[in-house]
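Asks:
Numbering (my numbering), first residue to last: 7 to 628.
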């Protein structure tokens, strides 16, 4: 841990220029993976595409320093590039711009006399945020065309700029919110930030990671598996390691056991490595609560809870859990926040002004789109509450993913208020905003706070880094728009998944929903369970279940891919600590870091090969 982190050695003109140069290529790679639904880098906490780029930058920089000892980039500059690429990747992520851009056209292209979308909500769609009816939509969806005509570029200009302004204001607000908490979490509570362990080690040239035999053993195992399975994919007669072949849910066909659902047993080296840096109680809680939710569903089937079609209301319970985690996080930082906003001790004036300015612009933008003021305030309050909870979980515990389907502002407002009182205008605009409230796996706020953690280590000026983060978000947003639209005109947008919230909107307008009191009760149960788990952790040292595990596992899709790898990592770490203590754990760290690094580097390289040569290749993740 380092001193004050304020000498500004990282945010230099060359680090910003290099990042700005790389970001468009990075966006093209991410959009390509989204189109083909494989190698989805931004659905896991640590983006493998950024680690690959970081490795390339470090390698080139090492060569430059051999030729010119005083030349090359310093550690702060390399970490600045890492942070800027992470933010840009989040903006171009699977749950951000990749699902926002299709919303601009979807309501018009897929409108039919049967669904009656034109009569239902077309009049509520702002023409400055959508593409509307135009001759340019047809080649966009059918492909075999080009974006690069004056008319098409002009046609996309207005919505692209307005959405870019929206996301710029959103990032400014999230950066300022991160600044309110960063000193409390980094210096006072000393949270571990497990996600950034690998970039920290990779950029520490005085570290012994690359000279560690255990690191190279771990690297060789994961890289060897990726090479073996990659060659098998190209040459089927080549042997393979079946690390993604088993699904035990298919074995249970009779009630009530078939309620277990999809339950894969996948051995993913990168996930084993990443989970090793999680606290032992959280890794235990992840796989424990994964099975807890399975057990609850089996119980529901046994008890015959057909009268509760949403049982066990996992999304609602986990929404309550996230809200509780955010409240507890703010409460634990109350004394620090009092100082932040104290008139006589205020040190973060520009952060406060930035937050107010960003929040105000978001409010203006959403009001202009058609939302009412009260709904906007509720919507943004829910969004920033969830953002705070996700960021806290990442900073303290570093889970491999944080997926939250249905735990969104619009769903919570529909449950609480009902669709009739919200009205068609509010509902329509909320459907437009669905794209970046879809799953939260690529949420940008955790990356901002992790950036400030790296600033503390490498003595990077936080104010300058905050500027670099906002700039990266702007460039990343524009690059993602360009990559998505360009690929759509060439290949056809019908191949691009991500369809907005218009089917839900259609249902809301056809069949208005009242306040769902049952769902709200289960949300309250989620708050209660989280509160009890937190109380037990605070008061009883022997208690091992972490409230974050309960929150993280309610949505079982991405966690389903990862739970068994987390279990393996937990078991290995438990045995090491039990038999050899903290010393054994520390000695084993390079091995697990090698597992993570090898899978990312070699597994990710196969996906790059697919992009360059346009051939199907092995996909190590999703």
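Ideal placement from N, C-alpha and C gives every residue a C-beta, glycine not left out.
Identify every residue that forms a DSSP beta bridge with residue 252.
Replies: 271
Asks: Since residue 412 is in the alpha helix (DSSP H), which residue starts that stretch and which ends it?
Replies: Neither: residue 412 is in no alpha helix (DSSP H) and is coded neither H nor E.
Asks: State the DSSP-derived secondary structure class of residue 516, mapped to helix, strand or coil.
Replies: In the three-state DSSP reduction, residue 516 falls in the helix class (H, G or I).
Asks: Any contact between the segment 180-189 and the segment 339-350? By contact I mean 3 or more CB pairs, one from each, below 8 Å.
Replies: yes
Asks: Only counting runs of 4 or more residues, tell me where the alpha helix (DSSP H) segments fall wholly within the segment 125-183, in order along the chain.
Replies: Counting whole runs of 4 or more residues, the segment 125-183 contains the alpha helix (DSSP H) stretches 143-148.
Asks: Nearest-angstrom Cα distance between residue 282 and residue 169?
Replies: Cα to Cα, residue 282 sits roughly 39 Å from residue 169.
Asks: Between residue 33 and residue 224, what straight-line distance do the alpha-carbon atoms span, to the nearest angstrom?
Replies: 30 Å
Asks: Do you know offhand how far residue 438's Cα is from residue 172's?
Replies: 12 Å
Asks: Got a sec? Which residues, its chain only, sit under 7 Å from residue 388 by beta carbon, not counting five neighbours each side?
Replies: 415, 418
Asks: So for residue 627, helix, strand or coil by DSSP?
Replies: coil
Asks: For residue 276 versus residue 228, is the C-beta distance shorter than 8 Å?
Replies: Yes. Within cutoff.
Asks: With the cut-off set at 8 Å, would you say residue 274 and residue 421 are in Cβ contact?
Replies: no
Asks: Label residue 118 either buried or exposed according to how many other C-beta atoms from any shown protein chain fall within 10 Å of its C-beta, with 16 as the threshold for buried.
Replies: Under this definition residue 118 is an exposed residue.
Asks: Please specify which runs of the alpha helix (DSSP H), each continuous and at least 4 residues long, are wholly inside the segment 387-457, giving them in chain order.
Replies: 415-423, 425-438
Asks: Express the C-alpha separation of residue 66 and residue 614 in angstroms, rounding to a whole number.
Replies: 19 Å
Asks: For the alpha helix (DSSP H) containing residue 26, list its first residue and its last residue.
Replies: Note, residue 26: alpha helix (DSSP H), 19-41.
Asks: Let me know the secondary structure DSSP gives residue 616 once reduced to three states.
Replies: helix
Asks: May I ask which residues mark the beginning and end of the alpha helix (DSSP H) holding residue 345?
Replies: 340-346
Asks: Would DSSP call residue 11 helix, strand or coil?
Replies: Because residue 11 sits at a pLDDT of 40, beneath the cut-off of 50, its placement in the model cannot be relied upon, and the point is left open.
Asks: What's the call for residue 243, buried or exposed, on a 16-neighbour Cβ count within 10 Å?
Replies: exposed
Asks: What do you reckon, are the CB atoms on residue 76 and residue 18 nearer than 8 Å?
Replies: no
Asks: Pull up the CB-CB distance for residue 126 and residue 515, whole angstroms please, since I reckon it's below 8 Å.
Replies: 5 Å
Asks: So, at 6 Å on beta carbons, what are the nonlocal neighbours of residue 264 in its own chain, with the 5 sequence-adjacent residues on each side left out?
Replies: Shown here for residue 264: same chain residues with a beta carbon closer than 6 Å to its own, the five before and five after excluded, namely 258 in chain order.
Asks: Taking the alpha helix (DSSP H) that residue 265 falls in, what are its first and last residues?
Replies: No alpha helix (DSSP H) contains residue 265, which DSSP labels as neither H nor E.
Asks: In chain order, what residues of the same chain lie with their CB nearer than 6 Å to the CB of residue 557, ignoring the 5 residues before and after it?
Replies: 324, 327, 328
Asks: Kindly confirm or deny that the segment 294-305 and the segment 594-601 touch, where touching means at least three C-beta pairs closer than 8 Å.
Replies: As far as the Cβ criterion goes, the segment 294-305 does not touch the segment 594-601, which means the pair count is below three.
Asks: With 16 other CB atoms within 10 Å as the buried threshold, where does residue 308 fall?
Replies: exposed
Asks: Quick one: give me the first and last residue of the alpha helix (DSSP H) that residue 497 is part of.
Replies: 468-497
Asks: Going by DSSP in three states, residue 76 sits in which element: helix, strand or coil?
Replies: coil
Asks: Under a Cβ-count criterion, where at least 16 other Cβ atoms within 10 Å of its own Cβ denotes burial, should residue 3 be classed as buried or exposed?
Replies: As displayed, the chain neither begins before 7 nor continues past 628, which places residue 3 out of reach and without an answer.
Asks: Going by alpha carbons, who is nearest to residue 230 out of 619, 618, 606?
Replies: 606
Asks: Classify residue 522 as helix, strand or coil using the three-state DSSP reduction.
Replies: coil
Asks: Could you check whether the segment 83-99 touches the segment 471-479, counting it as contact only if at least three pairs of C-beta atoms, one from each stretch, sit closer than 8 Å?
Replies: yes
Asks: Hey, is the segment 450-468 in contact with the segment 536-554, meaning 3+ C-beta pairs nearer than 8 Å?
Replies: no
Asks: Could you please give the first and the last residue of the uninterrupted alpha helix (DSSP H) stretch that includes residue 303?
Replies: 286-309
Asks: How many Å lie between residue 175 and residue 363 at the Cα?
Replies: 8 Å
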